[in-house]
Each structure stands twice: as structure tokens, then as C-alpha cells.
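Report on one structure; see the data block that follows.
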Amino acid sequence: MKSIIVFFFTALLLILATFNDKRWKPLEVFDSDAGGYYVYLPSVLLYQDAGRADSLLRIEQVYRPGPQPYMGLLKLPNGNTISKYPLGVALAELPWFAGAHTWARLRGLPADGFSRPYQQAIMLAGLFHGLLGLWLLRRLLQRYFPQNDAVVAWALACIGLGTNWFMYASYESPMAHSLLFLWHVGLVWATGAWYETRNIRWAAVLGLLLGLAMLARPTEALYALVPVGWGIATKGGLLGWLKWLLARPRQVLLAGALVLAVVVWQPVFWHAVSGHWWLDTYQGEGFDFLHPHLLDGLFSFKKGWLLYTPLAGVALLGLLVLPPRLRGVGGAVLLTLPVVLYVTFSWREWWYGGSFGCRPLISLYPLLALCVAALAAAAASWQQPARVAVRTVLVLGIVLNLWQTYQYAAGVIHWDSMTADRYRRGFFIGSMKKLPADLRMP
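Numbering-wise (this note's numbering), the sequence shown opens with residue 357 and increments by one.
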């Protein structure tokens, strides 16, 4: 019952935030990365030309003349224009696009892929993916803590209300991260179920979900380490895990084949529009693995993950008290987390542009939810001072996240150029108008 209350309370806040987002009314949903993810749909389905990603940009100028927004469009030598972003998010948005197109035609509104029904439908798509992911996370937590709904409620509140996931399931819902969270909840569920049941259908689900995540964001391939770490921890080490896999070649091949069957659509698209199976769509960007920005990425006032989402660090303490049934979670986190952090903060633009905290790490949160649940379960058996201390930290983390989410949405926390001075002087300010003039940035 407690976890149900937490879910619906979180859902209510998400809905209120989404419908009050400043982009909801003035048609600004497609002004940045969200437009780059989405543009596949109008290009292919409305204009029957996969190489016309600039169609969305041209239509926007009809509605909102002025400076061209950034959508990550890339001009090809053959004259075609494509999005630099992968097509996985657009695939998930397809039903919502179809509904918006039908609604626009029935209501006599411009059925051009850009008008209000399309923009609002895409925001609702991200909200839906977030809510579905949170509901499945609740079911996943119940699977490992079946007799302790209070623990499930604490973990659900910490992830849903206490991390930057909330921002990307509401204000920034058209981005990829709400969808990726959904895929990764499913991936963690399928991983545990596969090792427990040895059923081939879970191997298929695992491969399918990993492929979908990679089609939305190629670096999600790193999360193939989740089933690897889980297996090493639960099957007697590396040799035991390899022996377990070799005894099931059909399942392993099926999982791999499904990954390839999904991700192959990106090179197929590239070949259709450019004649090449591979394109470097992130020209001028990339990784610098010799100079990772780990300290900046974790602790800086610019975008530090543990500064803006401190409950992620608290959740990692749960690794110290994981029960035996969660041994696989420990193995998955210990193997996946260091690699993901290193690769994430080796990106040259390690702060990832306009964002609240470190958005690429939202994909880790299904694993961290199980860790924080283990911490809450352990704390329930401790003496009262320790138990109260843990719960106080969790509540403070939730309050801090909700406050800073509001500040980010209001412009007090800058989307790209946050500094220690601005953070300190603006901590108790909830409106850009009240921010000292010397701290205001465009």
C-alpha cells in the first residue's frame, strides 16, 4: 500500500510538472535534442523522404520566425539532411505521433508534424515512458523484497523523487532518458529472471531490450556488462559463468541475434540516405579516453552527478548490506559502474550540454534502486538512532532534489554554465527574477 501511495504521488507531481512546463504552450518542445530525436517521423511518414530532416526546421520557421534552434541536423555531401541522433527514440514515439496526426486531422489543425498536437503528444510520450518505467521498477523491487512494501516505497521514492530522473520524466520528457530508464528496468528484470529460470524467453527479452537501448543511444552497449557481472557473481566466478553460458549456446545466440536485429536499422537508415553503412554523425565531438573528467563529472558545481543527485551516492552504500539474493546486483554494479563512469566522463563535452546533473547516468538507476532498497531494509533492523539517521538522509535527499529540480526549471540553476558562486548565492532562491543581476546568464 505504501509503495502504491508513493507511485501515485510521484505520478501526480510528474503530471503537474509536465503540464506546467514552459514549453507546453509556446511550441518549444522541438527546439533542441528532442527535435533531433523526433525528426525521423515527419521526414519519413509525412514527407516521404528520409533525407529531409530539415523539414521540421523549415516548418518551425513558419510558426516561430527567428533564430534557428539547435536540432543536431547534419548536411550530407549528397544534399540530404539527417539528424545526428539515433532513431531509437523516434521508434518509441511512433504510436504517439500517429495519435497526434489523427487528432490534428480530425480537429482541422495543421497536420504537418510540428503543430501543437504533435508537440504535446511527444511530451506525453516521455511522461508515459517514465510512469511505465516507475511502475515496472515497483514490481521489480517487489520481486526481491516481497514481504516488505515499506522498503519498496522508500526505494521508489528515492529514485522517483530523489534523483534527476524526475526532471527527465517531466520537464525534459522528450529527451531519451525516460525511455532508456524503462528499457533498463526491463533489462535488469530480464537478467535476474534469466539466471534464475534459465528460460530462453528471458534471454530473448534481454537481447531485445539491450538492442532497443542501443538504438536510442549507442553507448548503452556498455550495459551488456549488467548480465555479465550478474552472472559472474551468481555462477561461481568467471569460469563458472562461462561454463553456464556454454551450456546454453542457443540462448546466447538468440540474445545476440536480437540485439543485432534491432541495432541494424541505424546503418540501414544511413545507407538509404547516404550510400554508406557508417556515418560519423557526431563530427567534432567524441571521446578522449586519456583525459577523463571523473572528478568534474562526479563533484563539480557545473554538473556533478553526486552533487546534484547525492542519493545516488547514498544508494551505493547499499552494496555493503546486499542480501544473498541480490548478489547478482552487486556483481552487476561493481562491474558496470566503473566502466560507465569512465566512458561517460571521457566524452570531451563531459557536462553534456543543457542538462540537470549528469543525465547519461539515469540508465544506472534501476540497479541503484535495488541497492537503496537493500540499505532501507538493513536500516529497518538497526537501532533507532541509526535507522532514523538513514531515513533522515533519504528524506533530505528527496527534498533537495525536488527543490533543485524546481530551480533548474525556473532558470536559477543554469542549464550549461553553473558555478560554485551561483550555486551558493542562489541556493534559497526559487525565481530567476530574484536572482542577483550579476548571476543571471542567458
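Glycine included, C-beta positions come from ideal geometry on N, C-alpha and C. Just so we're clear, the structure is a prediction, and the values are computed from it rather than from any experiment.
Asked	Found
T437 - partner residues in DSSP beta bridges	R408, K431
Identity of the residue in F712, T458, K591 nearest L654 by Cα	F712
Nearest-angstrom Cα separation, counted from L370 out to V541	19 Å
Beta carbon of L432 nearer than 8 Å to that of V695	no
C-beta atoms of G585 and L691 nearer than 8 Å	yes
Three CB pairs or more closer than 8 Å across the segment 713-723 and the segment 656-665	yes
Segment contact, 8 Å Cβ cut-off, at least three pairs: the segment 514-523 with the segment 746-758	yes
Simplified DSSP assignment, three categories, for F784	coil
Burial state of M570 (16 or more Cβ within 10 Å)	buried
Buried versus exposed call for V624 [16 or more other C-beta atoms within 10 Å across all chains shown]	exposed
From F701, R573, I588, L536, residue whose alpha carbon lies closest to that of Y551	I588
Residue of L493, L492, L447, Q498 minimising C-alpha distance to I478	L447
Where the alpha helix (DSSP H) containing E449 begins and where it ends	444-462
Anticipated Cβ contact below 8 Å, L497 with A511, distance rounded	5 Å
Burial state of S526, where buried means 16 or more other Cβ atoms lie within 10 Å	buried
Separation of W539 from G482, as counted between CA atoms	13 Å
Exposure label - Q607; buried when at least 16 CB within 10 Å	buried
F712 (DSSP reduced to helix, strand or coil)	coil
Range covered by the alpha helix (DSSP H) that runs through L543	533-553
Residue span of the alpha helix (DSSP H) that contains K378, given as start and end	Taken as a continuous stretch (DSSP letters only), K378 belongs to no alpha helix (DSSP H), as it is neither H nor E.
L731 beta carbon less than 8 Å from that of V677	yes
Contact the segment 442-458 vs the segment 411-428: 3+ CB pairs below 8 Å	no
Endpoints, the alpha helix (DSSP H) within which A793 is located	Unbroken run through A793: none, as it is neither H nor E.
Segment contact flag, the segment 358-373 with the segment 452-462, C-beta cutoff 8 Å, min 3 pairs	no
Spatial distance of D505 from P792 (CA atoms)	45 Å
Euclidean distance between Cα positions of A617 and S534	23 Å
Own chain partners of R573 with C-beta closer than 6 Å, once the 5 adjacent residues on each side are dropped	A532
Closest by C-alpha distance to L383, when choosing among Q475, V418, R554	Q475
Residue closest to G687, alpha-carbon to alpha-carbon, out of W597, W703, A611	W597
Same chain only: Cβ atoms within 6 Å of V508, ignoring 5 sequence neighbours per side	S359, L497, Q498, F501
Endpoints, the alpha helix (DSSP H) within which H627 is located	621-630
Ranges of the alpha helix (DSSP H) found wholly within the segment 579-667, counting only runs of at least 4	581-590, 593-602, 605-619, 621-630, 650-655, 661-664
Other residues of its chain near L488: CB distance less than 8 Å, five sequence neighbours each side excluded	L538
Alpha helix (DSSP H) segments (min. 4 residues) lying fully within the segment 670-717	683-700
Spatial distance of R796 from A729 (CA atoms)	40 Å
The segment 557-567 / the segment 408-416 touching (three or more Cβ pairs under 8 Å)	no
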